[in-house]
Amino acid sequence: MLVATLSVGQLAGGILSAICYGIESALPSFFKNPICTDAPTIWGSLNIGCDVIIAASMTLILLKRRKGCFEGKLYIKVTKIIQLIIETGTVACLTTLCYTVLRDLNLMAPHFNVFFPIPGLAIGKIYSNSMLALLNNRIEIVGGRKSSSLAIKGLGSLT
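Offset between the sequence shown (1-based) and my numbering: plus 774.
Structure representation (structure tokens):
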């Protein structure tokens, strides 16, 4: 329930940021409104909180289940998934944090010409790559380099 609440707040902050960004070009004085200057900070903070909660809860659940339920190759696979969750969650959080901090620095001191859009543009790519990495991690090549035939679970032999 907490993640859903944070996600709705994050959605509202993102929509408000987009509206303020669109209005900035038409009405520059409206952009001075504190709601418009704080909307991306609210979005970034809620985004980081949501990412941390999701990554921590997934990791804790898998760590608890791993000890008694999984053995052998499945134990190793779950360990790799836990490592991947921690890595991708950390990268996503750090990128969002960089965007939020650099944007706030740009608002406080615009003469420094801080390039806050760069991590902002990278966030979407990082999330999609994280999802693809998790999905691709499920594929297992049976035998791998040690066998002459190459088989992927669910597809059969490829020789």
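Note that beta-carbon positions come from the ideal geometry of N, C-alpha and C, so glycine has one too.
{"Asked": "Which of the three DSSP states, helix, strand or coil, is assigned to N911?", "Found": "coil"}
{"Asked": "Taking DSSP as the reference, what is the three-state secondary structure of N807?", "Found": "coil"}
{"Asked": "DSSP state of C829, grouped into three classes?", "Found": "Reading off the sequence shown, one finds Ala at residue 829, where the question assumed Cys. Note: A829 maps to helix in three-state DSSP."}
{"Asked": "How about T935 and T869: do their beta carbons lie closer than 7 Å?", "Found": "It is not possible to answer for residue 935, since the shown part of the chain is limited to 775 through 933."}
{"Asked": "Drop a sphere of 10 angstroms on the beta-carbon of I789, count the other beta-carbons inside from all chains shown, and report buried for 16 or more, exposed for fewer.", "Found": "exposed"}
{"Asked": "Threshold first: 4 residues or longer. Then list the alpha helix (DSSP H) segments lying entirely within the region 835-917, N to C.", "Found": "847-882, 891-910"}
{"Asked": "Any contact of the region 842-852 with the region 876-883, i.e. 3+ C-beta pairs under 8 Å?", "Found": "no"}
{"Asked": "Less than 7 Å between the C-beta atoms of S904 and T864, yes or no?", "Found": "no"}
{"Asked": "Contact check, I835 vs L871 under 8 Å by CB: the rounded distance?", "Found": "The Cβ separation is near 25 Å, so there is no contact."}
{"Asked": "Smallest Cα separation from I860: which of I892, M832, L909?", "Found": "M832"}
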